[in-house]
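What the sequence shown shows, in the UniProt record's numbering, is residues 1 to 153, in sequence order. One structure below.
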Amino acid sequence: MEKNLDFLQRAIELAYANVDKGGRPFGAVIVKDGKIIAQAVNEIMDTNDPTAHAELLAIRAASRHLGSASLAGCSVFASGHPCPMCMGAMRLAGIAEVTYAYSNEDGGPFGLSTAEVYADLARPFEKQSMKIRHVPARLEGRTDLYPHWKQQH
1 MEKNLDFLQR AIELAYANVD KGGRPFGAVI VKDGKIIAQA VNEIMDTNDP
51 TAHAELLAIR AASRHLGSAS LAGCSVFASG HPCPMCMGAM RLAGIAEVTY
101 AYSNEDGGPF GLSTAEVYAD LARPFEKQSM KIRHVPARLE GRTDLYPHWK
151 QQH
């Protein structure tokens, strides 16, 4: 557990350094087999990319490092509560464990909570704040997309 605290504190150190450079207070570290394989900070301010979260950038770096889209057996240590986008990406990547230091409650007074987004996503599509609709469009004369993909792989 002491080693895990070291990884978590590393994520917090990254977040502090990012704030000192004008960035947002988020850092993330990805660990496999007891070693850091990737780390990143939130780069939204530098890139104007709303998806440039520390966790996503660390996932991309870890995937490049491992040469695989699967991060099975990896753990993420994040300075703040991961947003739904990051949590979804971690699940899709096969991350085994996530540990974070600052909660949504900690971030709320500073505009750094994603609790409302989590709550909205828990509602049925028709009750969410974003309009979501399924339109089963297909291209005439083409094999259905998913069977086409399966044939290619």
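Virtual Cβ for every residue (Gly too), placed ideally from N, Cα, C.
Note on geometry: alpha-carbon atoms of Asp6 and Gly80 lie some 15 angstroms from one another.
Listed in chain order, the non-local C-beta contacts of Gln39 below 8 angstroms within the same chain comprise Arg10, Ala11, Leu14, Gly27, Ala28, Val29, Ile30, Ala58, Ala61, local neighbours out to five positions each way being set aside. In this chain, the beta strand (DSSP E) harbouring Cys74 covers 74–80. Between the alpha carbons of Glu105 and Pro25 lies a distance of about 15 angstroms. With a threshold of 16 other beta carbon atoms within 10 Å, Met90 meets it and is buried. Using a Cβ-Cβ distance cut-off of 8 angstroms, the region 92–108 and the region 120–137 are not in contact, since fewer than three pairs of beta carbons, one from each stretch, lie closer than that value.
Between Ala96 and Ser75, the gap from beta carbon to beta carbon is short of 8 angstroms.
For the pair Asp49 and Val117, the Cα-to-Cα distance works out to about 18 angstroms. Take Val19, set aside five residues on each side of it, and the residues of its chain with a beta-carbon closer than 8 angstroms to its own are Pro25, in chain order.
Selection Glu140, Pro84, Ala137, Thr143 evaluated against Ser113 yields Pro84 as nearest (Cα-Cα). Taking the Cα positions, Leu71 is about 25 angstroms away from Tyr146.
Boundaries of the beta strand (DSSP E) around Val31: 27–32.
Per DSSP, reduced to three states, the secondary structure at Ala38 is strand.
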